[in-house]
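These protein sequences, in sequence, are chains A and B. Following the working numbering, the numbering of the first sequence begins with 1 at its first residue and continues without gaps. Following the working numbering, the numbering of the second sequence begins with 356 at its first residue and continues without gaps. By construction, the Cβ of each residue, glycine as well, lies at the ideal position given by its N, Cα and C atoms. Computed from a predicted structure; not experimentally measured. In what follows, a structure is listed as structure tokens, so that the remarks can point back to it.
Number of protein chains: 2
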Amino acid sequence: MFFDVKMAPDLTERQRLLLTLIVRDYTETAQPVGSARLVEHFKLDLSTATIRNEMVALTEAGYLRQPHTSAGRVPTEEGYRYFVTHVVYQADLPDAARHTISHQFYQARQDVEQWMPLAASILAHQSRAASLVTAPHTQRARYKHIELIATQGRQVLMVLVMAGGEVSQQLLTLAEPVSQERLSAAANVLNAVCMAKTTEEIAALPGRADALENDILSLVLTDMNRGEQRVSGEIYLDGLTNVLSEPEFLESTDARRAIHLFEERSLLQDLLARAMPNGVGGVQVLIGGEGKWEELKQCSVVLARYGIPGQATGMLGVFGPMRMAYSRTIPTVRFMADLLSSLVSETISGEENEQ
Amino acid sequence: MFFDVKMAPDLTERQRLLLTLIVRDYTETAQPVGSARLVEHFKLDLSTATIRNEMVALTEAGYLRQPHTSAGRVPTEEGYRYFVTHVVYQADLPDAARHTISHQFYQARQDVEQWMPLAASILAHQSRAASLVTAPHTQRARYKHIELIATQGRQVLMVLVMAGGEVSQQLLTLAEPVSQERLSAAANVLNAVCMAKTTEEIAALPGRADALENDILSLVLTDMNRGEQRVSGEIYLDGLTNVLSEPEFLESTDARRAIHLFEERSLLQDLLARAMPNGVGGVQVLIGGEGKWEELKQCSVVLARYGIPGQATGMLGVFGPMRMAYSRTIPTVRFMADLLSSLVSETISGEENEQ
DNA sequence: TTTAGCACTCTCGACACGAGAGTGCTAAAT
DNA sequence: ATTTAGCACTCTCGTGTCGAGAGTGCTAAA
Chain A
1 MFFDVKMAPD
11 LTERQRLLLT
21 LIVRDYTETA
31 QPVGSARLVE
41 HFKLDLSTAT
51 IRNEMVALTE
61 AGYLRQPHTS
71 AGRVPTEEGY
81 RYFVTHVVYQ
91 ADLPDAARHT
101 ISHQFYQARQ
111 DVEQWMPLAA
121 SILAHQSRAA
131 SLVTAPHTQR
141 ARYKHIELIA
151 TQGRQVLMVL
161 VMAGGEVSQQ
171 LLTLAEPVSQ
181 ERLSAAANVL
191 NAVCMAKTTE
201 EIAALPGRAD
211 ALENDILSLV
221 LTDMNRGEQR
231 VSGEIYLDGL
241 TNVLSEPEFL
251 ESTDARRAIH
261 LFEERSLLQD
271 LLARAMPNGV
281 GGVQVLIGGE
291 GKWEELKQCS
301 VVLARYGIPG
311 QATGMLGVFG
321 PMRMAYSRTI
331 PTVRFMADLL
341 SSLVSETISG
351 EENEQ
Chain B
356 MFFDVKMAPD
366 LTERQRLLLT
376 LIVRDYTETA
386 QPVGSARLVE
396 HFKLDLSTAT
406 IRNEMVALTE
416 AGYLRQPHTS
426 AGRVPTEEGY
436 RYFVTHVVYQ
446 ADLPDAARHT
456 ISHQFYQARQ
466 DVEQWMPLAA
476 SILAHQSRAA
486 SLVTAPHTQR
496 ARYKHIELIA
506 TQGRQVLMVL
516 VMAGGEVSQQ
526 LLTLAEPVSQ
536 ERLSAAANVL
546 NAVCMAKTTE
556 EIAALPGRAD
566 ALENDILSLV
576 LTDMNRGEQR
586 VSGEIYLDGL
596 TNVLSEPEFL
606 ESTDARRAIH
616 LFEERSLLQD
626 LLARAMPNGV
636 GGVQVLIGGE
646 GKWEELKQCS
656 VVLARYGIPG
666 QATGMLGVFG
676 PMRMAYSRTI
686 PTVRFMADLL
696 SSLVSETISG
706 EENEQ
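Written out as structure tokens, the structure is:
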């Protein structure tokens, strides 16, 4: 979906500069930028007339548009896309930012449960927009461990651990009370039998003689299946208020629809699934919904997948108005994806992977 | 903070009726309601002039106000409070709603992790506002079970279960690799020693001879302490978009501040802690921030605590504009609190508590 | 005590008008 | 051939005016 540099030779160097400046200025001020504003604010050594001439070229090329006759120019979706692919895409995050982020994660490396909210918070703060992070998800769940803990009566807490470190809990109500010893025995048997197996392999096992073990086993299977069917685990959001105070969200009703997308988790999962079919790697930038998402008309989403392809991956990204600070957002998203990838690989493989 | 019925005898029966109708109409339409509108919409057997006379009385009593000279009346904070305490407070949720809610929970009773998001979703849907639910939290954490699971290398997953059913996971990096057998042995020892003990009791134990056990034990303690210091566990939100589309949130900047309150979890926890010092029981209604919360100027919050006092309690509530459908919200919140209380008591005590 | 009547006040939408911003075009300058 | 100055043109936006309409408070009659 990205243009190659050589495929867009239709802009002179100066036009490219002007487009860049217009995008930069507009993302800051949210005001259409005119020729005079451009020359004074960026101290250009050109007259406004020259700039106006270039502007008509950029407008005809489809990168700019005028809200009305006597207004300045505003980037179109193509304008943003040009800016993203040609100017900012390969930019790196400044060292200072890299260090502070690494530091924050170093402090939280102990506690896996803090990773996701921390990542969401950092993303939201750095990009000054809304962020989303999904927990890493094992595409092919592998059984690691089960624990059965008796509470009083017939209630039993089942804790199921996957190879990737995912943990799911469930409260069962048995037909009759069972002692902790009995439960532990059953758990031990199942742990021995199912170790490192996938759903299919477990399903293919011969049925257990013991009724209790059999019941638990089927629950384990449904639980693992449910995990696999989800596109990804829980979704962590942060920074919605950042985006709420942007001027384009003050009135426009279709901005409100976009936020609705974020609350309805199923919609969001659908978006993630369809936006990123590919593996870990590049940062995907969805500008204005790309015609596919009506709800994202005025918005942009910067997404990346992290983790280890084929084993456990999750997604993270930033959501904001189309007029977004891509030059800050894209490097941040890429860096965070790399960082989380290395954390996940430490967890799974146990290899020490200082970065 | 509630008025007693006998403390507010300053309203005649008819004035109370009119106040009720005005509140009802205003919560629906968000438009100031005038005398003519009142008589035609509710088919009153009175003239508009009579109603106007009563309105001046209600206005002088502080229950109504006029946005401007030629506008209808709008309830004041005192007006809402009167309505809440005298008209709607003891109202019950209709049977139909009770049944559907019970049904939804019955289907999800198996899976503890679904309770909170489900409760938040139901609250948001029923009240058509934003909802929040905190996980039940054991005020005095009691150790129940620990599980240590080796991943490759020096990484160990620790799963700690409390008596109330809370589970916390943590990823440890040991100084040197340790076998699963060794870990299981240590876990068994700790489980035997710490069973059903509180933080203080565990801290008072003599140090373990074994270095591994000692290390784990101190981690357990910090983890339990962290749980106790939190006002409550994770906070589940839902329905923010409901409240976002309300007219008072379209422009007003201080409505935006209120939403900010919801994102900054620490602020929210502070609010919850200060709003509900007391135990389980009544539903607390905060109207317009009650002078204590600047951020909630135009908003109301309906809160209740649920669970078993002294053992495990959580909070749930609804957040919306001051112009909120209290007559639907308050009974829903009360019912949900009761429902969750009985679920929690099942989990803790294991008693079957059909409701 | 209720109601009809009426003058009064205030909001709100429509309309007009002028200032200002920004443009496109043309012709001169480099 | 490119850049620039100049200028007419168009459009937005804020302001002011105006009239219609809504809703009130008051007074006097029922």
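Among the residues of its own chain, which have a CB less than 7 Å from the CB of residue 491 of chain B, if the five just before and after it don't count?
Closer than 7 Å at Cβ, skipping near neighbours: 519, 662, 667, 668, 669 and 699.
Check whether the Cβ of residue 216 of chain A lies closer than 8 Å to any Cβ atom in chain B.
No, residue 216 of chain A lies away from the interface with chain B (no Cβ there is under 8 Å from its Cβ).
I'd like to check one pair, residue 685 of chain B with residue 638 of chain B: are the Cβ atoms closer than 8 Å?
Yes, Cβ-Cβ distance for residue 638 of chain B and residue 685 of chain B is below 8 Å.
Whole angstroms is fine: what's the gap from residue 714 of chain B's alpha carbon to residue 226 of chain A's?
Since the first residue shown for chain B is 356 and the last is 710, residue 714 of chain B is missing from the structure and cannot be characterised.
Starting from residue 55 of chain A, trace the alpha helix (DSSP H) in both directions and tell me its first and last residue.
48-60 is the extent of the alpha helix (DSSP H) around residue 55 of chain A.
Given this structure, state the Cα-to-Cα distance separating residue 316 of chain A from residue 296 of chain A, to the nearest angstrom.
Approximately 17 Å between the Cα atoms of the pair.
By the 10 Å Cβ neighbour count, where 16 or more other Cβ atoms means buried, how is residue 707 of chain B classified, buried or exposed?
Per-residue confidence for residue 707 of chain B stands at a pLDDT of 37, beneath the threshold of 50, marking its modelled position as unreliable; no derived number is given.
Which residue from B/379, B/478, B/394 and B/653 puts its Cα closest to that of residue 612 of chain B?
Here the closest residue by C-alpha is B/653.
Going by CA-CA distance only, name the one from B/366, B/402 and B/426 that's closest to residue 417 of chain B.
For residue 417 of chain B, the nearest C-alpha among the options comes from B/366.
Between the stretch 204-218 of chain A and the stretch 554-573 of chain B, are three or more C-beta pairs nearer than 8 Å?
Not touching, per the Cβ criterion.
Specify, as a first and last residue, the run of the beta strand (DSSP E) that residue 313 of chain A falls within.
Unbroken beta strand (DSSP E) run through residue 313 of chain A: 312-321.
Closer than 9 Å by beta-carbon distance: list the chain B residues that pair up with residue 144 of chain A, in chain order.
Chain B residues near residue 144 of chain A: 504, 506 and 512.
Between the stretch 23-31 of chain A and the stretch 45-57 of chain A, can you find at least three pairs of beta-carbon atoms closer than 8 Å?
No, they do not touch.
For residue 480 of chain B, return the contacting residues in chain A, with the cut-off set at a CB-CB distance below 8 Å.
By Cβ distance, chain A contributes nothing, its closest Cβ being about 12 Å from residue 480 of chain B, past 8 Å.
Please name the residues in the stretch 235-251 of chain A whose beta-carbon is closer than 8 Å to at least one beta-carbon of chain B, in chain order.
Those residues of the stretch 235-251 of chain A that come within reach of chain B (Cβ to Cβ, closer than 8 Å) are 238, 239, 240, 241, 244, 245, 250 and 251.
Here's a check: name, in chain order, each residue in its chain whose Cβ is nearer than 6 Å to the Cβ of residue 267 of chain A, leaving out the five neighbours to either side.
Within the same chain, residue 267 of chain A has close Cβ partners 261.
What are the residues in the stretch 164-188 of chain A lying within 8 Å of chain B by C-beta distance?
Answer set for the stretch 164-188 of chain A: 165, 167, 168, 169, 170, 171, 172 and 173.
Do you know offhand how far residue 392 of chain B's Cα is from residue 442 of chain B's?
Those two C-alpha atoms are separated by around 22 Å.
Got a sec? Which residues, its chain only, sit under 6 Å from residue 681 of chain B by beta carbon, not counting five neighbours each side?
439 and 443.
Residues of chain A with CB under 8 Å from residue 465 of chain B, in chain order?
Going along chain A in sequence order, the residues near residue 465 of chain B (Cβ under 8 Å) are 170, 171, 172 and 173.
When you compare each of A/340, A/138 and A/294 to residue 123 of chain A by their alpha carbons, which one comes out closest?
When only C-alpha atoms are compared, the closest one is A/340.
Any beta carbon of chain B sitting closer than 8 Å to that of residue 161 of chain A?
True, the Cβ-Cβ gap to chain B drops below 8 Å.
Taking the C-alpha atoms as reference points, what is the distance between residue 575 of chain B and residue 515 of chain B?
Taking the straight line joining both Cα atoms gives about 8 Å.
For the structure I just gave you, are there three or more beta carbon pairs, one from the stretch 138-149 of chain A and one from the stretch 494-512 of chain B, closer than 8 Å?
Yes: at least three Cβ pairs fall under 8 Å.
How many Å lie between residue 447 of chain B and residue 458 of chain B at the Cα?
For residue 447 of chain B and residue 458 of chain B, the distance between alpha carbons rounds to 18 Å.
Specify the secondary structure class of residue 527 of chain B as computed by DSSP and reduced to three states.
Of the three classes helix, strand and coil, the one that applies to residue 527 of chain B here is strand, per DSSP.
Name the two residues that bound the continuous alpha helix (DSSP H) containing residue 467 of chain B.
That run of the alpha helix (DSSP H) goes 467-482.
Measure from the alpha carbon of residue 486 of chain B to the alpha carbon of each residue in B/610, B/655 and B/664, then state which is nearest.
Selected option, being the one with the closest Cα: B/655.
Can you find a CB in chain A that lies within less than 8 Å of the CB of residue 615 of chain B?
Answer yes: the Cβ-Cβ gap between residue 615 of chain B and chain A drops below 8 Å somewhere.
Compute the Euclidean distance between the alpha carbons of residue 116 of chain A and residue 224 of chain A, then round it to the nearest angstrom.
Each residue's alpha carbon lies about 21 Å from the other.
Go ahead and pull the three-state DSSP assignment for residue 298 of chain A.
Three-state DSSP puts residue 298 of chain A in coil, outside helix and strand.
Among B/493, B/537, B/610 and B/541, which residue has its Cα nearest to the Cα of residue 664 of chain B?
The shortest C-alpha separation from residue 664 of chain B is found at B/493.
Taking 8 Å as the CB-CB limit, is residue 453 of chain B close to chain A?
No, no contact with chain A.
When you compare the CB of residue 495 of chain B with every CB in chain A, is at least one pair closer than 8 Å?
No - not a single Cβ of chain A is within 8 Å of the one on residue 495 of chain B.
Please check if any C-beta of chain B sits within less than 8 Å of the C-beta of residue 325 of chain A.
False, the Cβ-Cβ gap to chain B never drops below 8 Å.
By DSSP, does residue 205 of chain A sit in helix, in strand, or in coil?
DSSP places residue 205 of chain A in coil when its eight states are reduced to three.
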